[in-house]
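J.: Numbering (UniProt numbering), first residue to last: 27 to 800. Beta carbons: idealized from backbone N, C-alpha and C, even for Gly. Just so it is clear, the structure is predicted and the values come from calculations on it, not from any experiment.
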Amino acid sequence: RAAAGPAYLSGLNPEQRDAVETLDGPVLVLAGAGTGKTRVLTTRIAHILSTGRARPAEILSVTFTNKAAREMKLRLGQMLGQAVEGMPWLGTFHSIGGRILRYHAELVQLTSNFTVLDTDDQIRLLKQLLAADNIDDKRWPARMLAGLIDGWKNRGLTPSQVPAGEAAMFGNGRGGKLYAQYQERLKILNAADFGDLLLENIRLFREHPDVLRQYQNRFKFILVDEYQDTNVAQYLWLRLLSQTPSSPSPILRDAALRAAPQDEGADDEGSASTDPVPHPEERGQSPRVSKGEAGTPTPSGPPKNICCVGDDDQSIYGWRGAEVDNILRFDHDFPGAKVIRLERNYRSTGHILAAASHLIAHNEGRLGKTLRTEDVDGEMVTVTGAWDSEEEARAIGEEIEQLQRQGHALNEIAILVRASFQMREFEDRFVTLGLPYRVIGGPRFYERAEIRDALAYLRVINSPADDLAFERIVNVPKRGLGDATVQMLHDHARKRRMPLFEAARMVIDTDELKPKARSSLRGLIENFERWQVQRDALAHTELAEIVLDESGYTEMWQKDRSADAAGRLENLKELVRSMEEFENLQGFLEHISLVMDRDGGADEDAVSVMTLHSAKGLEFETVFLPGWEEGLFPHQRALDEQGRAGLEEERRLAHVGITRARKRAKLYFATNRRIHGTWNTTIPSRFLDELPAANVEITESKGGSGWGGMSGYGPSRFDNVESFGSSYSTPGWQRAQAQRGRSGGGSNGGRSGGFGESGASYSSGSARRAPFTI
Ligand code: ATP
Ligand code: MG
């Protein structure tokens, strides 16, 4: 039977084929990286379409990024031998949620042309609300509230559902009320923020069962990729859509009612009583109640055809509210679910798979799985130490040029970083080398909003006539110089044919501006005049630090509680660091304009640079993984804020990184790195220690100044591992060095799982075809 059937089925292994052909009822594919989960989903769509079980418009298919959706459409076309017409419901949660919301906008007090607000608009709106409520924006920054509201929306909480304790976290107990006011204001403005695209969609479904039923009827098949990273809101939305269309029986309604929250301020929709899906946070302390118990009404009718695929070992968005529990609870949520495990990895060679499997086995909270490859062992995973991040970038640049000379396509090469600030060094290096690159999943380093803002300040200092730069930052951070003021400055400037900055200087001596705006503008102009003087007296890096500080720009991000604020602050530090490589401000700004100018076309053969987070689901022949140092990876913030759970999420991220590689995984660490503005002697990441020696080769940085090449340097550093103030105290790495006859030495820590101990478990010969149960 294996050989029979359409071409798109051939080549699938029996388990994959089972997952594709089991069209009826809920299916969960729980399997490791590279086992073909995404391929199964795509093939499943092809199968549904070609067997006529549904039309394109009847399939709901959720991917994690827009790029993944495009990719899936492309593959689908290849499988079916013709471009797929339609598939209007293939996209991300947000794009599909937004689409549904537009069709029924009036039911949630919007009109179909509603605006989707960006973060800036969101902050502006919240500031107005804070002002109206006489809440001190200094003590209770709008950005903090925005972060809280985002978090609540990710958890599917409407204002009345926010637990009292959390609502109290802002503005002396006014957080919940402000959230409610914010939602009201959005309606008046005919606007939705990003989180609303799902949350308002959920509200729509709950308040209008007829609309929900319409979609339940429409979607004959639901498919979800990367299910391990769905958050509560996404989960609720899926649960609603995946119920068989039928009203809940009175008994179920009763059960749901009993499970409703004892929420004092429940002036909400009062919809809990008919709610077919209780909120996960309402399930009480034991979410894993058995089937049919009160609070978890099971839908009547045959189960829906829903297929989710995921890997608990690749859950990396916990910090953004993703709940890996969703995948672990699948067969409870969808009774009768068929759980399929795929065990053959088709992506990576033996050494790569062994290294990744061994690493992730250090996590405790996991289901565990068996993975094997029938591929050759291939090249060992390499670990290279470089003196500092600059040398790291240079060494990787050289390796890439060498691969290029050997005929490897740049498209098949990726650099995956832990934090976006790390990209800067590579981008600069690639510009110098003339090596085409593209940044995926975000802007290039110098194009990031915070970097552009900072650069705008420096540009105005360098050239006060730079109107574009001046306009960019005149009101960033907000200082009461709104559009009207800027318009007035423009009028002035045009009339007198002078730059905006000059016009501003004149205007502050007139009474054309209201006193408040005038004094604010005067403050700014005086700042710039002082900085211009300092420019000649101070080092340009020092100047940059002063400017970011005195302008209030750094402070603006320090107060920001959104998920990416800390990353932005790191980027600003990295910007200042990057200036060190130039003699003066002028030279630096010229370099920037060069970097900004080059613009890789979409189909150009280019190296991909991205964060580990945005690399999920992708694969490349060669993957470079720089920055494997304690504090950076695992990231200190994750350890500080989430302890053990944070460490495990970082380890999953490391696992995601290595498993992106098909043929070559090349890890790097720098022995010196500047983090938060100061040089640190770093400690190689504990994750390096956790790699199996048999699959890893330690190489020297080509630059020759890495630790490997500097005899005498290594021992002194590793001797004093404890003295670096980190809790990390296991010089397993050092053991590895000693074993390999390098300049290791020093005291041995007692931790298990390091290089030494693990060495025997895998010989490179036996790695092949031997499945690892991990
Ligand atoms: P991840 O967890 O990283 O998202 P995945 O499980 O989604 O991985 P895919 O990306 O679907 O894995 O597949 C990994 C690679 O293996 C792809 O190049 C895919 O084309 C290939 N592959 C999957 N199944 C087969 C098969 N049966 N025969 C040959 N190649 C396969
Ligand atoms: Mg995938």
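1) Are there any heavy atoms of the ligand MG lying less than 7 Å away from the beta-carbon of Gly643, as far as the coordinates show?
2) Use the C-beta contact count for Asp176: other C-beta atoms within 10 angstroms, 16 or more gives buried, fewer gives exposed.
3) Measuring CA to CA, which of Gly199, Tyr205, Arg544, Ala94 is closest to Leu67?
4) In angstroms with no decimal places, state the Cα-to-Cα distance between Leu127 and Glu349.
5) Phe650 by DSSP, collapsed to three states: which one?
6) Does the beta-carbon of Val559 have 16 or more other beta-carbons within 10 angstroms, so that it is buried, or is it exposed?
7) Do the stretch 606–613 and the stretch 627–641 make contact, defined as three or more Cβ pairs closer than 8 Å?
8) Alpha carbon to alpha carbon, what distance is there between Pro503 and Gly221?
9) Within 10 angstroms of its Cβ, does Arg420 collect 16 or more other Cβ (buried), or is it exposed?
10) Does any CB atom of chain D fall closer than 8 Å to the CB of Ile386?
11) The beta strand (DSSP E) that contains Asp163, what's its start and end?
12) In chain order, what residues of the same chain lie with their CB nearer than 7 Å to the CB of Ala217, ignoring the 5 residues before and after it?
13) Residue range of the beta strand (DSSP E) that Leu143 falls in?
14) For Thr61, name the three-state secondary structure that DSSP assigns.
15) With distances taken between CB atoms, is the gap from Ala495 to His661 smaller than 8 Å?
16) Between which two residues does the alpha helix (DSSP H) containing Asn92 stretch?
17) Taking 7 Å as the cut-off, is the CB of Thr64 close to at least one heavy atom of the ligand MG?
18) Enumerate, from N- to C-terminal direction, the unbroken alpha helix (DSSP H) stretches of 4 or more residues contained entirely within the stretch 381–449.
19) Counting C-beta neighbours from all protein chains within 10 Å, is the total for Asp537 16 or more, i.e. buried, or is it exposed?
20) Please report the Cβ distance between Leu569 and Trp557, rounded to the nearest whole angstrom; I am assuming they are in contact, meaning their Cβ atoms lie under 8 Å.
21) What is the DSSP secondary structure of Asn774, reduced to helix, strand or coil?
22) Please classify Ser711 as buried or exposed, where buried requires at least 16 neighbouring CB atoms within 10 angstroms.
23) For the stretch 238–257 and the stretch 103–114, state whether three or more C-beta atom pairs, one from each stretch, are separated by less than 8 Å.
24) By alpha-carbon positions, which one of Met514, Asp535, Ala719, Pro361 ends up nearest to Asn331?
25) State buried or exposed for Thr256, treating a residue as buried only when at least 16 other CB atoms are found within 10 Å of its CB.
26) Can the beta-carbon of Phe650 be found closer than 8 Å to that of Ala680?
27) Based on the DSSP secondary-structure assignment, which residues constitute the bridge partners of Ser577?
28) Can you tell me which residues form a DSSP beta bridge with Tyr343?
29) Residue range of the beta strand (DSSP E) that Glu726 falls in?
30) Ile378 and Val409 - do their beta-carbons sit closer together than 8 Å?
31) At a cut-off of 7 Å, is Asn180 close to the ligand ATP when judged by its beta-carbon and the heavy atoms of the ligand?
32) Can you name, in chain order, every residue of its own chain whose Cβ lies under 7 Å from the Cβ of Ala33, other than the five neighbours on each side?
33) For the stretch 424–437 and the stretch 713–723, state whether three or more C-beta atom pairs, one from each stretch, are separated by less than 8 Å.
34) State the Cα-Cα distance for the pair Ser604 and Tyr694, rounded to the nearest angstrom.
35) Could you check where the beta strand (DSSP E) with Met636 kicks off and where it finishes?
36) Do Gly423 and Leu397 have their C-beta atoms within less than 8 Å of each other?
T.: According to the data block:
1) yes
2) buried
3) Ala94
4) 24 Å
5) strand
6) exposed
7) no
8) 24 Å
9) buried
10) Here there is only one protein chain, and chain D is not present.
11) Looking at the DSSP string, Asp163 is not in any beta strand (DSSP E), and its letter there is neither H nor E.
12) Phe140, Thr141, Leu143
13) It is not in any beta strand (DSSP E) - Leu143 carries neither H nor E in the DSSP assignment.
14) coil
15) no
16) 92–106
17) yes
18) 415–431
19) exposed
20) 7 Å
21) Confidence in Asn774 is poor, its pLDDT being 32 and thus under 50, which makes the residue's placement unreliable; the coordinate value appears in the next sentence. Coil at Asn774, not helix or strand.
22) buried
23) no
24) Pro361
25) buried
26) no
27) Ser577 is not bridged to any residue.
28) Paired residues: none, contrary to the question.
29) 722–726
30) no
31) no
32) none
33) no
34) 20 Å
35) 633–637
36) no
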